[in-house]
Each structure stands twice: as structure tokens, then as C-alpha cells.
Amino acid sequence: MEATCNGSKGSSPVFYLVGIPSLPESLFLLVFVIFLLIYLLILVGNTLILVAVVIEPSLHKPMYFFLINLSALDILSTTTTVPKMLSLFLFGDHYLSFSACFLQMYLFHGLNCSEAFILVVMAYDRYVAICRPLHYPVLMTPQTNAALAACAWLTALLLPIPAVVQTSHMTFENIAHTYHCFCDHLAVVQASCSDTTPQTFMGFCIAMVVSFLPLLLVLLSYAHILASVLRISSREGRSKAFSTCSSHLLVVGTYYSSIAIAYVAYRADLPLDFHIVGNVVFAILTPVLNPLIYTLRNKDVKAAITKIACPQNLGNSRAFDP
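The letter at position 74 of the sequence shown is residue 876 when you use the working numbering, and the numbering goes up by one with no holes.
Shown next, in the form of C-alpha cells:
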């Protein structure tokens, strides 16, 4: 940093996270408890899926390999933001250093971009499984799966770098008041006393690329899947084909619903609190619902998790088998 607005030249600013401005302090403890419970659900649910897929041989399939990537992303993305929010509401710890703020911003946006691309890869996996079943073992080899997942991670982790680097060169007060619960890109840009128009536009463009391009690819995959399923003559066959996609479709719906909530909260003429809460919903909604969706709707994952959580019950049930 070369200068600050009203501070000493060459000093690094400190970011003051305002949190939810209109929230009274008397409710901080309640909000802390809610966020803590949600965070624990995210950690436990996604860890169970990770462990179940790794140790259960029947789940060693491409679909579940991509699922554990999704679970890992959910754990990492929430861990970049939620602990700081918990500290803010429990201890009143509002401050983040310059480097910590920009690291949090980069990781939050990069990991969420990675999630969008992993959902695309999962849609492609379903497309190959349903539309080209005979070629599935050849097209979805372990090496191909690893390459697809690596591309999803690396591409998305590279995309936020220009916006984060350019934002870091903006001018801030010595104590930059950031109206958010964590260092979101737009909130940090708005905390600057530089011209925010270029950065706001760049952030919007990147958001469109990592939101609408993956959504378009997912919709394209499912258009082919739908056309293929409708050609299946038997009702049972169509139902079975659709059932293999239901969990993924629900996750995609949840992910893009949370994006829509955050987008409307920012763009609509709403109080600042709604802007902040909309973005917080985006940060935690998908990670907390993903394990529930895959546990409740996917019988293979559900059986594997039950085996881990209740091994004695499984053993007892087997003891009575003829």
C-alpha cells in the first residue's frame, strides 16, 4: 500500500468487520449459537460422507469421487469464514489484518468457484452414465476423474486472483470499516476510498463467468440426459435413470438458489442488513444441505454412513440373517 486516506503513508490498513449493523448486541449470543450449530452440522455431515466414500468399496465410483471433492470444498469454504463470524459474535472480535482479510477473500471466492465447476463435472458424469453407458468405463477412468477434478479446482482458484490483487492496491483508511461478517470482495471494495467502479465491474464480470457458464454447462448436460431418458420405453427405466440424478439436481438447485438470494440482496433496493444476510446465506446454505440431500436421497451413501455410525446394529441385523 502506498497511501491511506487519512492515515500514515506506507501503513497497512486493518479491516473492521461491522457484522450485521442493525442486529442488537443482546442477540449476538443467539446468532453465535445458530452459526455454531450450522457449522458443526457442516463439519460432521461432510466428514461422514468423506469417510464413508473412502472406506466403503461399493462407493468407489466416479460419482462418489466427485462427491467427496464437493464435501471437501464445503468444509474448506465454510472454515474460511464461519470461525471468524463465531469470534465476532461471541467475543466482539471485529478486526482482521490486511493480509488475513485478503487471504480470506481469495479462499472464499476461489473455493466457491471450485464448487460450481465440480457441479459441472458431476453433471458430465451423469451425462456419460445415462447417454453413453457403454462408453462409461472407458471415458470415466480414475485418471480422467482426477484430471477433471484437478481442472475444476485449479481453474476456479486462479479466477479470483486478478480481482483480489487489484483490490489489494486500492486505498483504504487505516481502519477500514467493512459492512459484512467476513471479507467478501464487494464489501471490501465498498470500504475503499478509491474509485470503486472498475473493481465492482470486474467482480461482477467474474461472478457472471463462474455462475452462468457452469449453470449453462449443467443445463446442457441435463438437456441431453432428458432427451435420452424420454427415449427409454419402460416407465421403470425412466424412473431409475432420473433417480440417479435427483441428488445432484437438488444440490445444483440449492447452490444456484443461494446465489440468487445473494444477488437479489445486493442488487435490490433493500436495507444493508439484507445484503449481508443474503451473502451469509450463500456461504452456509449449500454446505449444510449437501450432506442432508445425499444422505436422505442416496440409499448407497445412507447405508455406508449407517454402517459407520451404527456398526453394532448392522452386526446384530446380520446375526439374524438365515
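No residue lacks a Cβ here, since even glycine has one placed at the ideal position from N, Cα and C.
- Annotation: the continuous alpha helix (DSSP H) that includes residue 926 extends over 900-933.
- Sequence-distant partners of residue 916 (beyond 5 residues in either direction) whose C-beta falls short of 7 Å from its own C-beta, in its chain, are 875, 954, 955, 958 and 959.
- Between the alpha carbons of residue 1101 and residue 1112 lies a gap of roughly 16 Å.
- For residue 840, the CB contacts under 7 Å within the same chain, skipping 5 residues up- and downstream, are 1086 and 1090 in chain order.
- Burial state of residue 1037 is exposed, judged by a 10 Å Cβ sphere holding fewer than 16 other Cβ atoms.
- Our two residues, residue 890 and residue 1020, have alpha carbons roughly 37 Å apart in a direct line.
- A distance below 6 Å between beta-carbons, with the five flanking residues on each side excluded, links residue 962 to the following residues of its chain, in chain order: 908, 911 and 912.
- Comparing C-alpha distances from residue 984 to each of 888, 868 and 826 shows the shortest one belongs to 888.
- Contact between residue 883 and residue 906 is confirmed by a C-beta separation of about 7 Å, below the 8 Å threshold.
- For the pair residue 1088 and residue 1057, the CB atoms are nearer than the 9 Å cut-off.
- Within the segment 811-893, the runs of alpha helix (DSSP H) at least 4 residues long that lie entirely inside it are, in chain order, 830-857, 864-881 and 884-893.
- Per DSSP, the unbroken alpha helix (DSSP H) holding residue 952 starts and ends at 944-960.
- Distance check between residue 849 and each of 1098, 1104 and 1093 places 1093 closest, using alpha-carbon atoms only.
- For the pair residue 1095 and residue 1053, the Cα-to-Cα distance works out to about 7 Å.
- Beyond the five residues adjoining it in sequence on each side, residue 931 comes within less than 6 Å, by CB distance, of 938 in the same chain, given in chain order.
- Beyond the five residues adjoining it in sequence on each side, residue 861 comes within less than 8 Å, by CB distance, of 854, 855, 1102, 1103 and 1106 in the same chain, given in chain order.
- For the set 1062, 1097 and 1071, the Cα lying nearest the Cα of residue 1080 is the one of 1062.
- Exposure of residue 1007 is indicated by the presence of fewer than 16 other C-beta atoms within 10 angstroms of its C-beta.
- When rounded, the separation of the alpha-carbon atoms in residue 936 and residue 942 is 11 Å.
- Here DSSP, grouped into helix, strand and coil, assigns residue 980 to strand.
- Following the DSSP letters along the chain, one finds residue 972 in no alpha helix (DSSP H), marked with neither H nor E.
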